[in-house]
Amino acid sequence: MTYQIPTQVTEVKLVYYNKVNAKDRPQLKSSFDAYEVLAANWDEGTISLYEEFYILLLDRGNRVMGRYLVSQGGLTGTVVDPKMIFAAALKGRAASIILAHNHPSGNLKPSKADKNLTRNLIQAGKFLEIPVLDHLILAPDGGYYSFADEGEMY
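Note that numbering that gives the first Met the number 0 gives residue 143 to position 144 of the sequence shown, counting from 1, and the numbers run on in steps of one.
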């Protein structure tokens, strides 16, 4: 009696659409530059309704290659899967990433969960050699908080 293993498997595709030439990509030199790119591309209809978590994918010259919506949640939080963040970063061939999420309440103070997530993602980025350069929290009124500016990227 011979055992036959099934041989059909599902094809997995992660898609990356490059619509902007490298020379036309915004180059980030500060947290404010990152905030400007994020704010310009955030849906004004959702920023005050529920939390969303994005990453910016950067090339070696800190030019924005793209942004990726990691998750959408409720008024007070959203679930962030580190595997999805780094799957997108690897697929997009990012040299580094910037994390960003919004606080619909307008409170820019990072929560304990925000700080723990940031630390964990920094460590994962070190392991994968994809540095996490900053984590921004955006408010509907236009303000932002930068973990890097506040010395909290450790």
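In this text, a Cβ means the ideal position worked out from N, Cα and C, and glycines have one as well.
Since the model is a prediction, treat every value here as computed from it, not as a measurement.
Setting aside the 5 residues that flank it on each side, Leu68 is surrounded in the same chain by Glu51 and Tyr53, each with a C-beta closer than 7 angstroms to its C-beta; the list follows chain order. Annotated three-state conformation of Arg59 is coil, per DSSP.
In this structure, DSSP gives Val69 an extended state, which the three-state scheme calls strand. Using a Cβ distance threshold of 8 angstroms, Leu137 and Ala87 do not count as a contacting pair. Per DSSP, reduced to three states, the secondary structure at Asp113 is helical.
A straight-line Cα-Cα distance of about 14 angstroms links Tyr34 and Glu43.
Look at Ile121 here: in three-state DSSP terms it is helix. DSSP, read as helix, strand or coil, puts Asn101 in strand.
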